[in-house]
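Numbering (the UniProt record's numbering), first residue to last: 1 to 82. C-beta: ideal position from N, C-alpha, C; glycine also.
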Amino acid sequence: MDGQTYLAIFKENGLVRSDLVKILEHQVKVFQENNMPANAEEAKWLAIEIAEEEKAQGYPFLNGNENREQIAQRYLKARGMF
């Protein structure tokens with residue numbers, strides 16, 4: 001899938017390019033630069049899947065400069081466990 005199709009999927013589905021998605025997009029670029037098109041394609045689909053999951057849960061997996069403990073606390077609070 002080309003970049004325009006990728007972005008169109010995000011736009012049509014109301015998905016957000018979160019920090020984690022942007023990390024994967026950078027990995028896509030690395031794969032493309034190293035002539036690894038299958039890996040690049042897989043990373044694009046993974047980014048879309050993550051964006052869909054983040055949309056469904058209502059918050060991103062990564063939130064700025066959070067450390068692991070802060071991420072875990074946010075996760076547990078969202079589940080009513082903290």
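Mind listing, in chain order, the continuous alpha helix (DSSP H) runs of no fewer than 4 residues lying wholly within the stretch 19-48?
-> With a minimum length of 4 residues, the continuous alpha helix (DSSP H) runs that stay inside the stretch 19-48 are 19-33.
**Message:** Quick test of the definition: if touching needs 3 or more C-beta pairs under 8 angstroms, does the stretch 51-65 touch the stretch 29-43?
**Reply:** With a cut-off of 8 angstroms, the stretch 29-43 and the stretch 51-65 do not count as touching, because too few Cβ pairs lie within range.
Margin query: If you measure between the beta carbons of Ala-43 and Leu-24, is that distance less than 8 angstroms?
Written below: As a first step, residue 43 is located in the sequence shown; it is residue number 43 there, counting from the start. As a first step, residue 24 is located in the sequence shown; it is residue number 24 there, counting from the start. The answer is yes: Cβ separation under 8 angstroms.
Note to self: Taking 6 angstroms as the limit between beta carbons, can you name the residues of its chain near Asn-63, skipping five residues before and five after?
What the structure shows: Position 63 of the sequence shown, counted from the start, is the residue given in the question as residue 63. No residues qualify anywhere along the chain.
Where Ala-72 falls, given that 16 or more other Cβ within 10 Å makes a residue buried: Your numbering for residue 72 matches position 72 in the sequence shown. Flag for Ala-72 reads exposed.
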